[in-house]
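A.B. asks: Have a look at this one before I ask anything.
In the numbering used here, the protein residues as written are 290 to 454.
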């Protein structure tokens, strides 16, 4: 089996950690969809540890998994050592701009990173992330990053309006 879809299974806590540990021992699976579960921070950390030793997985979807900034940072620390992951989807997790920054920073720090596509859909990023993205694009020009928007684009200016009777 080269692809597995385990989305929408309500995996949380111990189940998420067990799946992650199994991924570490995997020697065949290339594509894994774990979206719409509840992996949370512990599951994200366990997935990161698995990716340190997994040398075959190329695509991982962990969108909608309740991964906060803390979980994203723990995942990112381990991502520095992965050499095979090409596509990482982490959309709609509450990891904020700082979590996206940590992921991108770890990819930048990994000179052997194979990442070609990051999906941070529906996560608004700030200027600090945009600046890092611009720097990373110079060394990884083929990297595509899908974003939920930039925090500056939500700043609204209202024209002065006078109402006369």
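We put the CB at the ideal spot given by N, CA and C, even for glycine.
Could you tell me which of 415, 341, 314, 330 sits nearest to residue 390, measuring between CA atoms?
C.D. replies: On the chain shown, position 101 is the one that residue 390 refers to. Cα-wise, what sits closest to residue 390 is 415.
A.B. asks: Counting only the same chain and skipping the five closest in sequence on each side, list residues whose C-beta sits under 6 Å from that of residue 378.
C.D. replies: The residue labelled residue 378 in the question sits at position 89 within the chain shown. Excluding residues within five positions, the ones whose Cβ falls inside 6 Å are 350, 352, 408.
A.B. asks: Looking at C-alpha atoms only, which residue of 314, 380, 327, 397 is the closest neighbour of residue 413?
C.D. replies: As a working note, residue 413 is residue 124 in the chain shown. Checking every option, the nearest Cα to that of residue 413 belongs to 380.
A.B. asks: From the DSSP output, in three-state form, read off residue 405 for me.
C.D. replies: Position 116 of the chain shown, counted from the first residue, corresponds to residue 405. In this structure, residue 405 counts as coil in the three-state DSSP scheme.
A.B. asks: Assuming residue 322 is part of the beta strand (DSSP E), what are its boundary residues?
C.D. replies: The residue labelled residue 322 in the question sits at position 33 within the chain shown. Its beta strand (DSSP E) spans residues 320–322.
A.B. asks: Can you tell which of 371, 313, 321 has its C-alpha closest to the C-alpha of residue 398?
C.D. replies: The sequence position of residue 398 within the chain shown is 109, counting from 1. The shortest C-alpha separation from residue 398 is found at 371.
A.B. asks: Do residue 392 and residue 423 have their C-beta atoms within less than 8 Å of each other?
C.D. replies: To locate residue 392, count along the chain shown from 1; it is residue 103. To locate residue 423, count along the chain shown from 1; it is residue 134. Going by C-beta atoms, residue 392 is not nearer than 8 Å to residue 423.
A.B. asks: Below 8 Å on the Cβ atoms is my guess for residue 336 versus residue 309; work out the distance and round it to an integer in Å.
C.D. replies: Translated into the one-based positions of the chain shown, residue 336 becomes position 47. Translated into the one-based positions of the chain shown, residue 309 becomes position 20. Right, their Cβ atoms sit about 4 Å apart.
A.B. asks: Under the three-state reduction of DSSP, which class applies to residue 378: helix, strand or coil?
C.D. replies: Taking the chain shown and counting its residues from 1, one reaches residue 378 at position 89. Strand.
A.B. asks: Since residue 310 sits in a beta bridge, which residues does DSSP pair it with?
C.D. replies: The residue given as residue 310 occupies position 21 in the chain shown. Bridge partners of residue 310: none, in fact.
A.B. asks: Mind checking residue 365: buried by the 16 CB within 10 Å criterion, or exposed?
C.D. replies: Within the chain shown, numbered from 1, the residue matching residue 365 stands at position 76. Its Cβ being crowded by 16 or more others within 10 Å, residue 365 is buried.
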